[in-house]
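In the working numbering, the protein residues as written are 497 to 896. Cβ coordinates follow ideal geometry from the N, Cα and C atoms, glycine included. All of these numbers come straight from a predicted model, not from anything done at the bench. The structure appears below as structure tokens.
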């Protein structure tokens, strides 16, 4: 083990991977179904509008009273270590930075009770915070390798940490064009220069000539040093903290302004508060509930056996090629006829299966029977032999 460690055969496990390990293991060992019968009382629930907002709020662990947007700057050599964090309050009245190896704990110390904090790509930033939290409450919301939400306590103060990338799935550099935001000076940052060795003992002094070796645009880098107040120390030295903080704050501002603008748009158009949801998918689902599911009056939430069986019918996307052969040409242009918006198109054209799912009997399990009794394309109500609105089955492919 020691030799393997010295030869660097071990890779660090992130907190996100640690939380999802048992989930991933479960997905790889799904047991086959022997019996699909279920008790409707415990497995299906009619979709209906919930109680008043006041009752819903009472069910929550806590309602956030303070919202912040934050970002870490970290050394990337060896084990990544945070050396700077910048954060803004929701309206920008608070805009602070913390420098040094203890920046994560100092940040947590400053947070008031019932705080909601957004990071853009929480899966990375959570590694610098989670170890310092007093307690993690409930089950973290994690999809694959992406950490979407973690709720916990720090010295008795309740904290929710969410991933803004799960709501706006775009790189931060695209926010200004998307939301018509001011960008600020061009970012030229020598990330690899900010090494753990250089930053030891919370060092704040950098050598300009050395830092220039780690950037492609040295002229802009030096102009930026001069444009940041107090950043240049002398002819060949600059303030590491002020340079890092300037661009980190710029990223946080862009994140805050873009996210708040998106929130205001959703409030105006759909009366949905983005702070109440984890991802853009959960927001879309709530919109469907309000405008489709609840008004229908005959749609159900599923759990246990019916949900598990039907969920196995969901498969990932497929990339199809002509003649199943990879296409490559240096002389000709290849047209990509990949269709877009397939899900919205299908939802608009087709219907949602209504009612409670019924287990098919053995005599029904044939292609001939299922297709003979399946609804026609435009059929909405059962008529004669056409009484089956849809079905989910496990098939055996005998020939291709």
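Query raised in the report: Taking one C-beta from the region 595 to 612 and one from the region 575 to 587 each time, how about it: are there three or more such pairs within less than 8 Å?
Result: yes
Query raised in the report: If you drop the 5 nearest sequence neighbours on each side, which residues of the same chain put their C-beta closer than 6 Å to that of residue 637?
Result: Counted from its first residue, the chain shown places residue 637 at position 141. Within the same chain, residue 637 has close Cβ partners 644, 645 and 774.
Requested in this report: Starting from residue 566, trace the beta strand (DSSP E) both ways and give me its first and last residue.
Outcome: On the chain shown, residue 566 is found 70 positions in, with the first residue counted as 1. Segment 562 to 571, the beta strand (DSSP E) holding residue 566.
Query raised in the report: Looking at C-beta atoms only, is the number of pairs between the region 561 to 574 and the region 602 to 622 that lie closer than 8 Å three or more?
Result: yes
Query raised in the report: Can you find a C-beta in chain B that's less than 8 Å from the C-beta of residue 825?
Result: Protein chains in the displayed structure number just one, and chain B is not present.
Query raised in the report: With a CB to CB cut of under 6 Å and the five nearest residues on each side skipped, what residues in its chain are close to residue 625?
Result: Here residue 625 refers to the residue found at position 129 of the chain shown. Excluding residues within five positions, the ones whose Cβ falls inside 6 Å are 600.
Report task. Pick out whichever of 874, 859 and 560 has its Cα sitting closest to the Cα of residue 844. Result -> Translated into positions along the chain shown, residue 844 becomes position 348. For residue 844, the nearest C-alpha among the options comes from 874.
Query raised in the report: Relative to the alpha-carbon of residue 610, which residue among 641, 634 and 558 has its alpha-carbon at the smallest distance?
Result: Sequence index remark: in the chain shown, residue 610 carries index 114 (1-based). When each option's Cα is compared against that of residue 610, the closest is 558.
Requested in this report: Please report the residue range of the beta strand (DSSP E) in which residue 754 lies.
Outcome: Position 258 of the chain shown, counted from the start, is the residue given in the question as residue 754. No beta strand (DSSP E) holds residue 754; the alpha helix (DSSP H) holding it covers 736 to 766.
Report task. Could you check if residue 802 is buried or exposed, using at least 16 other CB atoms within 10 Å of its CB as the buried criterion? Result -> The residue you call residue 802 lines up with position 306 of the chain shown. With a 10 Å radius around the Cβ and a threshold of 16 neighbouring Cβ atoms, residue 802 comes out buried.
Query raised in the report: Which whole-angstrom value describes the C-beta separation of residue 794 and residue 753, a residue pair presumed to lie in contact below a C-beta threshold of 8 Å?
Result: Looking up residue 794 in the chain shown gives position 298. Looking up residue 753 in the chain shown gives position 257. With 8 Å as the limit, residue 794 and residue 753 do not qualify as a contact, their Cβ atoms being about 43 Å apart.
Query raised in the report: Using the beta-carbon count (16 or more within 10 Å), is residue 732 buried or exposed?
Result: Here residue 732 refers to the residue found at position 236 when the chain shown is read from its first residue. Burial call: exposed.
Query raised in the report: Do the CB positions of residue 742 and residue 809 come within less than 8 Å of each other?
Result: Taking the first residue of the chain shown as 1, we reach residue 742 at position 246. Taking the first residue of the chain shown as 1, we reach residue 809 at position 313. For residue 742 and residue 809, no; Cβs fall outside 8 Å.
Query raised in the report: So, are the CB atoms of residue 871 and residue 854 less than 8 Å apart?
Result: In the chain shown, counting from the first residue as 1, residue 871 sits at position 375. In the chain shown, counting from the first residue as 1, residue 854 sits at position 358. No, Cβ-Cβ distance for residue 871 and residue 854 is not below 8 Å.
Requested in this report: Take residue 680 and list the residues in its own chain whose beta-carbon comes closer than 6 Å to its own, dropping the five residues that flank it on each side.
Outcome: Taking the first residue of the chain shown as 1, we reach residue 680 at position 184. Non-local beta-carbon contacts of residue 680 in its own chain, meaning distances under 6 Å to residues more than five positions away in sequence, involve 746 in chain order.
Query raised in the report: Does DSSP classify residue 620 as helix, strand or coil?
Result: Residue mapping note: residue 620 aligns to position 124 of the chain shown, counting from 1. Three-state result, residue 620: helix.
Query raised in the report: Could you give the residue range of the alpha helix (DSSP H) that holds residue 803?
Result: As a first step, residue 803 must be located in the chain shown, where it is residue number 307. Segment 800 to 807, the alpha helix (DSSP H) holding residue 803.
Query raised in the report: Excluding five sequence neighbours on each side, which residues of the same chain lie with their C-beta closer than 8 Å to the C-beta of residue 714?
Result: Locating residue 714 in the chain shown gives position 218, where the first residue counts as 1. These residues qualify, in order along the chain: 708.
Query raised in the report: If residue 543 sits next to residue 805, beta carbons under 8 Å apart, how far is it from one beta carbon to the other, in whole angstroms?
Result: The residue given as residue 543 occupies position 47 in the chain shown. The residue given as residue 805 occupies position 309 in the chain shown. Not really, about 19 Å apart at Cβ, beyond 8 Å.
Requested in this report: Alpha carbon to alpha carbon, how far is residue 784 from residue 740? Give it in angstroms, no decimals.
Outcome: As a working mapping, residue 740 is identified with position 244 in the chain shown. As a working mapping, residue 784 is identified with position 288 in the chain shown. Between residue 740 and residue 784, the C-alpha separation is close to 43 Å.
Requested in this report: Determine, using beta carbons only, whether residue 677 and residue 671 come nearer to each other than 8 Å.
Outcome: Walking along the chain shown from the start, residue 677 turns up at place 181. Walking along the chain shown from the start, residue 671 turns up at place 175. Going by C-beta atoms, residue 677 is nearer than 8 Å to residue 671.
Requested in this report: Report the residue ranges of all alpha helix (DSSP H) runs contained in full by the region 704 to 738; include only those spanning at least 4 residues, in chain order.
Outcome: 704 to 707 and 714 to 723
Query raised in the report: Quick one: what does DSSP say residue 635 is sitting in, helix, strand or coil?
Result: If you number the chain shown from 1, residue 635 lands on position 139. Per DSSP, reduced to three states, the secondary structure at residue 635 is strand.
Requested in this report: Alpha carbon to alpha carbon, how far is residue 847 from residue 877? Give it in angstroms, no decimals.
Outcome: Stepping through the chain shown from its first residue, residue 877 is reached at position 381. Stepping through the chain shown from its first residue, residue 847 is reached at position 351. If I take the Cα positions, the gap works out to 11 Å.
Report task. Taking all protein chains shown into account, decide if residue 477 is buried (16 or more other Cβ within 10 angstroms of its Cβ) or exposed. Result -> Lying before the first or after the last residue shown, residue 477 is absent from the chain, which here runs from 497 to 896.
Query raised in the report: What does a CB cutoff of less than 7 Å around residue 500 pick up in its chain, not counting 5 residues either side in sequence?
Result: What you label residue 500 is simply residue 4 of the chain shown in a count that begins at 1. Result list for residue 500: 506, in chain order.
Report task. Take every Cβ of the region 659 to 670, pair it with every Cβ of the region 754 to 761, and state whether three or more of those distances are shorter than 8 Å. Result -> yes
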